[in-house]
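This note's numbering applies: residue 307 is where the sequence shown begins, and numbers increase by one. Just so it is clear, CB atoms sit at the ideal spot from N, CA and C, and this is done for glycine as well. Keep in mind it's a predicted model, so treat the numbers as computed, not measured. Here's the structure we're looking at; comments come further down.
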Amino acid sequence: MNWLEISSPNLKLQHQAWVRIRGNSLIPGVTAYKQFMQIIPSDVSASLIIQDENKPPVWGHVGAALADLLPQCQKGTLMDSRDTASLKLSILLPLLKIASSRQPDCQRGMFGQDGLKFERLLLPFGENLRVRVVQIIYEFHSPTSRHSNETR
């Protein structure tokens, strides 16, 4: 198990919920994903569905806050060659890391030129030891943030 350095109290709570749902398994199953979605703030989260090695991931859910920041990411659309290099680097590379390690990850960064700072938690859900869904939950830290996380 990788060590995660999570600063946000809200993201720590989301990670603890994921651990409880996971139980003794390496990763929680995709059937637990719906249960998990009921306890996380959906406006600041997104999910990517991993189909197989030959197809790009599909956006399964894109919260309102992320749809404002990343208008090219819409539910049901493929992450493909039309996506910007920065989007691929910021989302696709961590997604591939999660898919191969089957471990959660936490990262910090900034959106665009306005410098909207964030911390995000990436959580895998799988089937037969293969990651099928990666849930991404954001916590925005900038005072100019339009959306904030609140645990339900």
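Where residue i sits in the DSSP three-state scheme
i: M385; result: coil
i: S331; result: coil
i: L309; result: Correcting the residue identity first, residue 309 is Trp in this sequence and not Leu. W309: coil per DSSP, three-state reduction.
i: S314; result: coil
i: Q322; result: helix
i: Q380; result: coil
i: V368; result: strand
i: Q341; result: helix
i: V350; result: helix
i: R438; result: strand
Rounded Cβ spacing between residue i and residue j (contact assumed at less than 8 Å)
i: W324; j: P410; result: 7 Å
i: V439; j: V368; result: Contact flag wrong, Cβ pair sits at about 14 Å.
i: G483; j: S348; result: Because the chain here runs from 307 to 458, residue 483 falls outside it and cannot be looked at.
i: I312; j: C412; result: 5 Å
i: I443; j: Q344; result: With 8 Å as the limit, I443 and Q344 do not qualify as a contact, their Cβ atoms being about 14 Å apart.
Closer than 7 Å to chain C by CB, residue i
i: Q380; result: No chain C is present in this structure, which holds just one protein chain.
Candidates the options: closest to residue i by CA position
i: F291; options: N360, L427, L393 and L401; result: Not covered by the structure: residue 291. The range shown for the chain is 307 to 458.
i: L429; options: D358, K403 and S396; result: K403
i: Q322; options: R436, I346, G421 and F424; result: I346
i: L375; options: K423, N434, F431 and C412; result: K423
i: L332; options: Q441, I443 and V437; result: V437
i: N434; options: E311, R414 and A405; result: A405
i: D358; options: G432, F446 and I442; result: G432
i: L401; options: R328, K381, L427 and H447; result: L427
Q) Which parts of the stretch 382-435 are runs of the beta strand (DSSP E), unbroken and 3 residues or longer, counting only runs that do not cross its ends? A) 411-417 and 422-433
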